[in-house]
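Please read the structure below before turning to the comments.
In the numbering used here, the protein residues as written are -7 to 148.
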């Protein structure tokens, strides 16, 4: 049986293979959402991207995702996604209900990980948001694997 770190390596290779040569950022994000959700199943209850809105650069707008209806817009600094966008750091949250300013887009969510996606200049272009109905569903292995995948999304 493959361990979680190995699964992340395999998923990273799958995503890189599918998006190689693809110029559409939307297609890249949609592919990553789909492959991640498929690989990790129900633990990844909501898997998708919030993009920095070029017309409102201090807001995230929902992008490609797999799951229930997502919030349409999230201001930088608000909730887990906004915190990741503002700080530029991955947010690993074991209990979203204890997170200050948490935005409950779906009340079934209990834990969350949000990883910044940077463009070629190092500027935040989006965040990858993954929610789980399980408490404490994510750990540093998830963080390492997802950060590696996000580092590839706009460069492969």
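Glycine included, each C-beta is placed from N, C-alpha and C at the ideal position.
DSSP, read as helix, strand or coil, puts residue 48 in strand. With contacts defined as CB atoms closer than 8 Å, residue 35 and residue 126 qualify as a contacting pair.
For the 8 Å CB-CB criterion, residue 63 and residue 95 form a contact.
Going by beta carbons, residue 107 and residue 146 fall outside the 8 Å limit. Assignment of residue 114 by DSSP, reduced to helix, strand and coil, places it in the coil class.
A check of alpha carbon separations from residue 11 across 3, 0, 23 identifies 23 as the nearest. Measuring C-alpha to C-alpha distances from residue 83 to each of 139, -5, 18 identifies 139 as the nearest. Leaving aside the five residues that flank residue 76 on each side, the residues in its chain whose CB is nearer than 6 Å to its CB run, in chain order, 83, 106, 108, 119.
Only buried fits residue 103, as 16 or more other CB atoms lie within 10 angstroms of its CB. Taken in chain order, the complete beta strand (DSSP E) segments of 3 residues or longer contained in the stretch 29 to 95 are 38 to 45, 48 to 58, 65 to 67, 83 to 85. Ranking 128, 53, 49, 48 by CA distance to the CA of residue 40 puts 53 first. Just measuring C-alpha positions, the residue of 71, 1, 93, 88 sitting nearest residue 32 is 1. With respect to the 8 Å criterion, residue 55 and residue 38 are not classified as neighbours on the basis of their beta carbons. In this structure, DSSP gives residue 123 an extended state, which the three-state scheme calls strand. In the structure shown, residue 139 adopts helical secondary structure according to DSSP, grouped into three states. In the same chain as residue 137, and ignoring 5 residues on each side of it, the C-beta atoms closer than 6 Å to its own belong to 0, in chain order.
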